[in-house]
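**Student:** I have a structure here, written as structure tokens, and I will follow up with some questions on it.
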Amino acid sequence: MAKKPWDGVFETATDSRVEEFTESISYDRRLYVHDIRASIAHAQMLAKAGLLTADECQQIEQGLLAIRQQIEQGQFEYSTSREDIHMHIEAALVERLGDVGRKLHTARSRNDQVSTDLRLWVLASGDELDRLLVDLQKAFVGRAEQDRDVILPAYTHTQRAQPVLAAHYWLAYCEKLERDRQRWADCRKRVNTLTLGTAAVAGTTLPIDRNETARLLGFERIAANSLDASSDRDFAVEFAFVCALIAEHLSTWAEEWILWSTYEFGFLKLPQAFCTGSSIMPQKVNPDVLEIVRGKTARVIGNLQSLLVLIKGLPLAYNRDLQEDKEPLFDTFDTVAACLAIAAPLVAGAELRREAIAARLEHGYLDATTLMEHLILRGVPQRTAHGIVGELVRKAMHAGVPLAELPLADFEQASPQLDKSVYDVLGSQSAVAAFKSYGSTSPAQVAEQIRSWQKKLEQV
Ligand code: ARG
Numbered sequence: 006m007a008k009k010p011w012d013g014v015f016e017t018a019t020d021s022r023v024e025e026f027t028e029s030i031s032y033d034r035r036l037y038v039h040d041i042r043a044s045i046a047h048a049q050m051l052a053k054a055g056l057l058t059a060d061e062c063q064q065i066e067q068g069l070l071a072i073r074q075q076i077e078q079g080q081f082e083y084s085t086s087r088e089d090i091h092m093h094i095e096a097a098l099v100e101r102l103g104d105v106g107r108k109l110h111t112a113r114s115r116n117d118q119v120s121t122d123l124r125l126w127v128l129a130s131g132d133e134l135d136r137l138l139v140d141l142q143k144a145f146v147g148r149a150e151q152d153r154d155v156i157l158p159a160y161t162h163t164q165r166a167q168p169v170l171a172a173h174y175w176l177a178y179c180e181k182l183e184r185d186r187q188r189w190a191d192c193r194k195r196v197n198t199l200t201l202g203t204a205a206v207a208g209t210t211l212p213i214d215r216n217e218t219a220r221l222l223g224f225e226r227i228a229a230n231s232l233d234a235s236s237d238r239d240f241a242v243e244f245a246f247v248c249a250l251i252a253e254h255l256s257t258w259a260e261e262w263i264l265w266s267t268y269e270f271g272f273l274k275l276p277q278a279f280c281t282g283s284s285i286m287p288q289k290v291n292p293d294v295l296e297i298v299r300g301k302t303a304r305v306i307g308n309l310q311s312l313l314v315l316i317k318g319l320p321l322a323y324n325r326d327l328q329e330d331k332e333p334l335f336d337t338f339d340t341v342a343a344c345l346a347i348a349a350p351l352v353a354g355a356e357l358r359r360e361a362i363a364a365r366l367e368h369g370y371l372d373a374t375t376l377m378e379h380l381i382l383r384g385v386p387q388r389t390a391h392g393i394v395g396e397l398v399r400k401a402m403h404a405g406v407p408l409a410e411l412p413l414a415d416f417e418q419a420s421p422q423l424d425k426s427v428y429d430v431l432g433s434q435s436a437v438a439a440f441k442s443y444g445s446t447s448p449a450q451v452a453e454q455i456r457s458w459q460k461k462l463e464q465v
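Under our numbering, the first residue of the sequence shown carries the number 6, and numbering increases by one thereafter.
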């Protein structure tokens, strides 16, 4: 039975069932790099403050680095009796250094330690997601360049609405992912706060220098209230939210591409290496990767919910409930990182079925709104123009033809403002070319947007 750091006051040993129940080492071991990094900074600060000698500090530093190596080489022994990663590393240090190792926990508690480790982990993890977001943006911009002449129907209510450039679709995802990056950058500012040195709950009577620890660890600021610092998990919730929106965006994309790759839509050919087959139906090529991306959104949203409920009604300051923050947080990152990593090559490897798309592009009266605006430009009030075009569409539907195939007489009869120039705005190609407003699918603007994304992403 391992000795506990709190043995002094206890008359009985911990029940092994309690050890099993309360342990977190099975999942918080992944914090080891951050725990060791924070401990080294803490020891250096203690030495500067005169609470450790330079020699003690050096022994601690070397001891911790050796422990890190042991962990990385798979030679470190874990035991539920040592509860969590913090106690494991400290105990291993004491085993190596004896009394010198016993000094490391001066002016800190596991409460500020775990908060610091977790913040360091979130900083590294968020930065990793940021890189993956950029990779996916690059894949979409690559598609935009490659598909720049393809026109697709845009949908509202999943009904054909107006024609747009395929590139306009791809850049729409770049915008969403850009907001995800901005959200992380903003969240990062608050994560980037040093809580170490707030100790258990009230701070310490010892002459520590928290600014020095912050400097050593690269934190931008230090938490100003020890009660707040040890209870605060806002940063974890915010990160989970940033991740949940990324998952939502991926889920929209996955859903769209699942539809587009159906026989019924026939817009998209997914790379076969990213599809799987059926064990019974020999003809099937299924979009399982996309379905799993869409499906994984559920757990990411669930994890956010778990974290929100976890902190609900917790009195200040540290409560052991907070140990439950790690699994949802780790799972969120692992899940979103995996989805982003698989999305980029899938986006790059898919192909638009250009002929199938073109063959049906004049179905669905995608040019009706452009025709209405053509009338508005000739002075017809919008409501009137809407009615005129509605009747023309009805006529064309009855005849089973697109608007562009109605005879001139029908247009002339519909409105005195219509003459043979009407054919210039009809058809998806002309309709797309007619767009002008900023942010529209106007070809000149989309080309400009592609250029500006390329430039922006080159610099990341
Ligand atoms: N394993 C704990 C956690 O993850 C560390 C902090 C424990 N603190 C305590 N006073 N028991 O939250």
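The beta-carbon is built from N, C-alpha and C at its ideal position, and this holds for glycine as well.
As the structure is a computational prediction, the values presented were derived from the model and not from experiment.
Inspect the beta-carbon positions of A322 and L232 and report whether they are closer than 8 Å.
**Tutor:** The answer is yes: Cβ separation under 8 Å.
**Student:** Run the proximity test for D89: is its beta-carbon closer than 7 Å to any non-hydrogen atom belonging to ligand 1?
**Tutor:** Yes, Cβ of D89 sits closer than 7 Å to a heavy atom of ligand 1.
**Student:** From W126 to F244, what distance separates their C-alpha atoms?
**Tutor:** Spanning the two alpha carbons is a distance of roughly 11 Å.
**Student:** With 16 as the cutoff for other CB atoms within 10 Å, does F4 come out buried or exposed?
**Tutor:** Nothing in the structure corresponds to residue 4, since the chain is present only between 6 and 465.
**Student:** Assign W11 to one of two classes, buried (16 or more other C-beta atoms within 10 Å of its C-beta) or exposed (fewer than that).
**Tutor:** The residue in question, W11, is exposed, as its Cβ has fewer than 16 Cβ neighbours within 10 Å.
**Student:** How far does the beta strand (DSSP E) with L51 in it extend, from its first residue to its last?
**Tutor:** Looking at the DSSP string, L51 is not in any beta strand (DSSP E); the run it does join, the alpha helix (DSSP H), is 37–53.
**Student:** If you scan the region 270–331 from start to end, which runs of the beta strand (DSSP E) of 3 or more residues do you find wholly inside it?
**Tutor:** The qualifying runs do not exist here; there are none.
**Student:** Can you tell me the Cα-Cα spacing of A207 and A112, whole angstroms?
**Tutor:** Using only the alpha carbons, I get a separation of about 11 Å.
**Student:** What do you reckon, is the C-beta of D12 under 7 Å from a heavy atom of ligand 1?
**Tutor:** No, the Cβ of D12 stays beyond 7 Å of every heavy atom of ligand 1.
**Student:** My assumption, with CB atoms under 8 Å, is that K108 sits in contact with L57. Please give the rounded CB distance.
**Tutor:** Going by Cβ atoms, the distance from K108 to L57 rounds to 6 Å, so yes, they are a contact pair.
**Student:** Relative to the alpha-carbon of L182, which residue among C248, V242, K194, A171 has its alpha-carbon at the smallest distance?
**Tutor:** With distances taken between Cα atoms, L182 lies closest to C248.
**Student:** How about A259 and L295: do their beta carbons lie closer than 8 Å?
**Tutor:** Their beta carbons are under 8 Å apart, which means A259 touches L295 by this criterion.
**Student:** Is I213 helix, strand or coil by DSSP?
**Tutor:** The answer is coil: DSSP assigns I213 none of H, G, I, E or B.
**Student:** By the DSSP assignment, the beta strand (DSSP E) with A401 in it spans what residues?
**Tutor:** Segment 387–404 is the alpha helix (DSSP H) holding A401; no beta strand (DSSP E) there.
**Student:** Could you give the uninterrupted runs of the alpha helix (DSSP H) lying entirely in the region 70–125, keeping only those of 4 residues or more?
**Tutor:** As far as the region 70–125 is concerned, its whole alpha helix (DSSP H) runs of at least 4 residues are 90–102.
**Student:** Do the CB positions of D415 and K425 come within less than 8 Å of each other?
**Tutor:** Contact flag unset, no.
**Student:** Go to P27, then tell me how far its alpha helix (DSSP H) extends in each direction, as first and last residue.
**Tutor:** Here the sequence assigns Thr to residue 27, which means Pro is not the residue at that position. Residues 21–27.
**Student:** On the DSSP bridge list, what partners appear for L232?
**Tutor:** Answer by DSSP bridge pairing: none, since L232 is not bridged.
**Student:** Quick one: does the C-beta of S84 sit closer than 7 Å to a heavy atom of ligand 1?
**Tutor:** Checking the Cβ of S84 against ligand 1 gives no.
**Student:** Only counting the same chain, and skipping five residues up and downstream in sequence, which positions put a Cβ closer than 6 Å to that of R188?
**Tutor:** Correct list, in chain order: V247.
**Student:** Sort I306, A363, E356 by Cα distance to V341 and report the nearest one.
**Tutor:** Per the Cα distances, I306.
**Student:** Of all the options E269, R456, V314, L141, which has the alpha carbon lying nearest to the alpha carbon of G255?
**Tutor:** One point to set straight first is that residue 255 is Leu, not Gly, in the sequence displayed. Selected option, being the one with the closest Cα: L141.
**Student:** How is Y32 classed by DSSP in three states: helix, strand or coil?
**Tutor:** Three-state result, Y32: helix.
**Student:** Would you mind reading off the limits of the beta strand (DSSP E) that contains Q164?
**Tutor:** From DSSP, the beta strand (DSSP E) with Q164 extends over 164–170.
**Student:** For the alpha helix (DSSP H) containing P448, list its first residue and its last residue.
**Tutor:** Where P448 is concerned, the enclosing alpha helix (DSSP H) stretches over 448–463.
**Student:** Between Y37 and ligand 1, is the CB less than 7 Å from at least one heavy atom?
**Tutor:** Y37 Cβ: outside cutoff for every heavy atom of ligand 1.
**Student:** What are the residues that DSSP puts in a beta bridge with P333?
**Tutor:** In the DSSP output, where bridge partners are listed per residue, P333 has none listed.
**Student:** Assuming the contact rule is C-beta atoms closer than 8 Å, A172 and A166 should be a hit. Round their C-beta distance to whole Å, please.
**Tutor:** At roughly 17 Å, the Cβ-Cβ gap does not stay under 8 Å, so A172 and A166 are not in contact.
**Student:** DSSP puts P158 in a beta bridge; with which residues?
**Tutor:** Answer is P168, bridged to P158.
**Student:** Return the bridge partner residues of R226 from the DSSP annotation.
**Tutor:** Paired residues: T198.
**Student:** Could you check if I455 is buried or exposed, using at least 16 other CB atoms within 10 Å of its CB as the buried criterion?
**Tutor:** With 16 or more other Cβ atoms within 10 Å, it is buried.
**Student:** Go through its chain and collect everything with a Cβ distance to L312's Cβ below 8 Å, but skip five positions before and after it.
**Tutor:** Closer than 8 Å at the Cβ level, and outside the excluded window around L312, lie R238, A241, V242, A245, D330, P333, L334.
**Student:** Report all residues from its chain with a CB closer than 6 Å to the CB of R101; omit the five preceding and five following residues, and keep chain order.
**Tutor:** Around R101: G68.
**Student:** Restricting to Cα atoms, I'd like to know which of A353, T17, E269 is closest to G147.
**Tutor:** Closest option to G147, Cα to Cα, is A353.
**Student:** Assess contact between the region 398–412 and the region 353–364, defined as three or more Cβ pairs (one per stretch) separated by less than 8 Å. Is contact present?
**Tutor:** Short answer: they don't touch.
**Student:** Can you tell me where the alpha helix (DSSP H) holding V437 begins and where it ends?
**Tutor:** Here the alpha helix (DSSP H) through V437 covers 433–439.
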